[in-house]
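Engineer: Got a structure for you, written out below as structure tokens; questions coming shortly.
Numbering (this note's numbering), first residue to last: 12 to 461.
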């Protein structure tokens, strides 16, 4: 599975490094059209996460993930045949649907396989995936150096072929059967908990042979257990639904701006470089190389330092601060010449990668900790919608509002994300305390205290 992730992300690195420039110089779309295209396609991707979570509650993850890879193979091949905005829109939309569904299924695979060690598995998977991502960005740099339409199309075709190889590798994996059956069975409701066995001294309470002298009921004693709980079977607890869980939906809603680093790195940085600075275009793949090298080198150590509720909630605050610094760098990138713009944009890429490291750990850990165990697949499917919504709202927000407002737009965006990160942390701490049993609430308060 780690090898499949690396191959998949190698193709994604090709797409991420070349897609904006491909849409700009080959299909001749404007910055606003690119933002709308990626935004509307992201709307389709919103359905990918809950759909994948719903299906994973009934079927094994492996064949579903293979289907997502093959779907994206077909749609990326169709991208090469489309030239106009209207033709590209539905094709890219279906691609985003399969992409978000695949990422949710990969997260569920990690949760079922690694169990309590999900954070370590997630760190390893992110390192492997980002190693492939960096390799793809490096290959894309060669294509961008050539700069011809044929070179751009070759990069898109390489991304499509990576899905085929990834599907073959996933087909060779073994998904744990017991975990799959347990989650699949949970889709129809939780299993009733076993009834406590009665005391051996009184296997079944018998009615008293003599009439009671007192007309009023007497207090029960240990030697006289009340027969009522044993005579009526317990009803199965109602299965938790993420759509009726306001606390979890609040977390998902606030997690949307906590994913803006993805759009800033993939859309904001390249378009800001091309349209508002004099930095060389070949710098775009370097942003992704910096991102992937740092993630590969630091993801495991950062994950180890952000495990648990206290550290995960702190990582949310760090994310907000780093995003503000990144946006400040972008705001001042237009103030100097080529060398100044290059240095400042590289610094922005470095800071936004640090923000991504904080987000990847906090979003993953909190999405699991805040979800009930008996409905985790459906809850994680809903949690994945935050990334999908960001992918739909982020590009048009950056191109139509932030970039249109100039440097001041970046400063306002950074301040908003920093403020919302504080609100997100407070909401998560409150829910963690609510979920803790009464006897453990004191420990939960200590664990989540600032």
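Positions of the beta carbon are idealized from the N, C-alpha and C atoms, including for glycine.
Return the Cβ separation of residue 100 and residue 48 in integer angstroms, given the expectation that the two are a contact with Cβ distance under 8 Å.
Structural biologist: Locating residue 100 in the chain shown gives position 89, counting from the first residue. Locating residue 48 in the chain shown gives position 37, counting from the first residue. Going by Cβ atoms, the distance from residue 100 to residue 48 rounds to 6 Å, so yes, they are a contact pair.
Engineer: Buried or exposed for residue 346, please, with buried defined as at least 16 other CB atoms from any protein chain shown within 10 angstroms of its CB.
Structural biologist: Taking the chain shown and counting its residues from 1, the one referred to as residue 346 is at position 335. Exposed is the call here.
Engineer: What are the boundary residues of the alpha helix (DSSP H) that includes residue 376?
Structural biologist: In the chain shown, the residue the question calls residue 376 occupies position 365. Start and end: 349-380.
Engineer: Express the C-alpha separation of residue 35 and residue 282 in angstroms, rounding to a whole number.
Structural biologist: For the purposes of this step, residue 282 is identified with residue 271 of the chain shown, where counting begins at 1. For the purposes of this step, residue 35 is identified with residue 24 of the chain shown, where counting begins at 1. Near 10 Å, if we compare the C-alpha coordinates of residue 35 and residue 282.
Engineer: Quick one: grab the DSSP three-state call for residue 37.
Structural biologist: Taking the chain shown and counting its residues from 1, the one referred to as residue 37 is at position 26. Here residue 37 sits in coil by DSSP.
Engineer: Using the three-state DSSP reduction, which class does residue 170 fall into: helix, strand or coil?
Structural biologist: Walking along the chain shown from the start, residue 170 turns up at place 159. The answer is helix: DSSP assigns residue 170 an H, G or I state.
Engineer: DSSP on residue 384, reduced to helix/strand/coil?
Structural biologist: Along the chain shown, read from residue 1 onward, the residue named residue 384 stands at position 373. Note: residue 384 maps to helix in three-state DSSP.
Engineer: Skipping 5 residues on each side, what residues in its chain have a beta carbon closer than 6 Å to that of residue 52?
Structural biologist: Against the chain shown, residue 52 aligns to sequence position 41. Only 103, 104, 107 meet the Cβ criterion.
Engineer: Where residue 390 and residue 117 are concerned, what is the direct C-alpha to C-alpha distance, given to the nearest angstrom?
Structural biologist: Position 379 of the chain shown, counted from the first residue, corresponds to residue 390. Position 106 of the chain shown, counted from the first residue, corresponds to residue 117. The straight-line gap from Cα to Cα measures roughly 15 Å.
Engineer: The alpha helix (DSSP H) that contains residue 302, what's its start and end?
Structural biologist: Numbered from its first residue, the chain shown carries residue 302 at position 291. Start and end: 294-316.
Engineer: So, at 6 Å on beta carbons, what are the nonlocal neighbours of residue 132 in its own chain, with the 5 sequence-adjacent residues on each side left out?
Structural biologist: The residue given as residue 132 occupies position 121 in the chain shown. Cβ neighbours of residue 132 beyond the five flanking positions: 121, 125.
Engineer: Any idea what DSSP makes of residue 267, helix, strand or coil?
Structural biologist: Position 256 of the chain shown, counting from 1, holds the residue named residue 267. Residue 267 falls in the coil class under three-state DSSP.
Engineer: Output needed for residue 289: all residues of its chain with C-beta closer than 7 Å, excluding positions within five of it in sequence on either side, in chain order.
Structural biologist: What you label residue 289 is simply residue 278 of the chain shown in a count that begins at 1. 348, 349, 352.
Engineer: Within 10 Å of its beta-carbon, does residue 410 have 16 or more other beta-carbons around it, so buried, or fewer, so exposed?
Structural biologist: What you label residue 410 is simply residue 399 of the chain shown in a count that begins at 1. So residue 410 ends up on the buried side.
Engineer: For residue 286, count neighbouring Cβ atoms within 10 angstroms of its own Cβ and tell me buried if that reaches 16, exposed if not.
Structural biologist: As a position in the chain shown, residue 286 is number 275, starting the count at 1. Its Cβ having fewer than 16 others within 10 Å, residue 286 is exposed.
Engineer: For the candidate residues 167, 119, 152, whose alpha-carbon lies nearest to that of residue 37?
Structural biologist: For the purposes of this step, residue 37 is taken as residue 26 along the chain shown, with counting starting at 1. Taking only the C-alpha atoms, the option nearest residue 37 is 167.
Engineer: Identify every run of the alpha helix (DSSP H) within the segment 382-453, keeping only runs that are complete inside it and at least 4 residues long; order them along the chain.
Structural biologist: Runs of the alpha helix (DSSP H) inside the segment 382-453: 387-394, 396-408, 418-446.
Engineer: Tell me where the alpha helix (DSSP H) around residue 96 begins and ends.
Structural biologist: Numbered from 1 along the chain shown, position 85 holds the residue referred to as residue 96. Taken as a continuous stretch (DSSP letters only), the alpha helix (DSSP H) holding residue 96 covers 96-125.
Engineer: Please state whether the Cβ-Cβ distance between residue 377 and residue 298 is less than 8 Å.
Structural biologist: Start at 1 with the first residue of the chain shown, and residue 377 comes out as number 366. Start at 1 with the first residue of the chain shown, and residue 298 comes out as number 287. No, they are not a contact pair.
Engineer: Closest to residue 336 by CA distance: which of 65, 427, 169 is it?
Structural biologist: Translated into positions along the chain shown, residue 336 becomes position 325. Nearest C-alpha to residue 336: 427.
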